[in-house]
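S.K.:
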Amino acid sequence: MTNPSRQERWDRRFLELAKVFGTWSKDRSAGTGCVIVGPDRLLRASGYNGFARGIDDEVPERHERPAKYSWTEHAERNAIYNAAKLGISLDGCTAYVNWFPCIDCARAIVQAGIVRLVGLHPDHADQRWGSEFKFATEMLRESGIEIILYDIPELAARK
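Take 156 as the starting number for the sequence shown in my numbering and just add one per residue.
Have a look at this one:
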């Protein structure tokens, strides 16, 4: 970012924080993080991709494809569930992610009342996630969510 605006500086800070939360993930290929911030720039919720509470994440086979897709919850939904568990409204909030949302997470973002998504440019050519990114983008845009994307490779979720 050359001569970033005040908002771009805040966006970068919260994207960096999403990356930090992503480092908590035990996923061997992607450490995805999400922070959800209110219009007042106060952190409302956070999450990272990982197993549900109480599930043993030390079982090696659960981390292998395709089984890991059944065991792992995505960062965005984890953040939304964490807010719900605490009774925190996400209406009017911004979600910051270091990996573009899949279609399931996009639906959750819409339903949670989040109005802005800030993340990194998705790789539409990605074999596993490319088509998901296209559908998610369409859904988020159609629902009126503002999408802001940056090109900051060092904040990407891949390990």
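Each residue gets a CB set at the ideal place from its N, CA and C atoms; glycine is no exception.
#1: Does DSSP put Ile-210 in a helix, in a strand, or in coil?
#2: Between the Cα of Glu-155 and the Cα atoms of Thr-227, Ile-258 and Glu-163, which residue gives the shortest distance?
#3: What distance in whole Å lies between the Cβ atoms of Val-273 and Ile-235, which are believed to be in contact at a cut-off of 8 Å?
#4: Let me make sure I understand the geometry here. Which of Leu-198, Gly-285, Asn-233 and Pro-256 has the alpha-carbon closest to that of Gly-247?
#5: Quick one: Cα of Lys-223 to Cα of His-229, how far?
#6: If you count every other CB in all the chains shown that lies within 10 Å of the CB of Val-252, and 16 or more means buried, which is it?
#7: Is the beta carbon of Ser-201 less than 8 Å from the beta carbon of Phe-176?
#8: Per DSSP, what kind of secondary structure is Arg-232 in: helix, strand or coil?
#9: Strictly by DSSP, which residues pair up with Val-273?
#10: Secondary structure at Leu-198, three-state DSSP: helix, strand or coil?
#11: Between which two residues does the alpha helix (DSSP H) harbouring Gly-242 extend?
#12: Got a sec? Which residues, its chain only, sit under 7 Å from Arg-296 by beta carbon, not counting five neighbours each side?
#13: So what does DSSP say about Ala-311, is it helix, strand or coil?
M.R.: In terms of the structure at hand:
#1: coil
#2: Absent from the structure is residue 155, since the part of the chain shown begins at 156 and ends at 314.
#3: No, Ile-235 and Val-273 are not in contact; Cβ-Cβ is about 16 Å, not under 8 Å.
#4: Closest by C-alpha distance to Gly-247, out of Leu-198, Gly-285, Asn-233 and Pro-256, is Leu-198.
#5: Spanning the two alpha carbons is a distance of roughly 11 Å.
#6: buried
#7: With a cutoff of 8 Å on beta-carbon distance, Ser-201 and Phe-176 are scored as near each other.
#8: helix
#9: Tyr-251 and Ile-303
#10: strand
#11: Unbroken run through Gly-242: none, as it is neither H nor E.
#12: Ile-302
#13: coil
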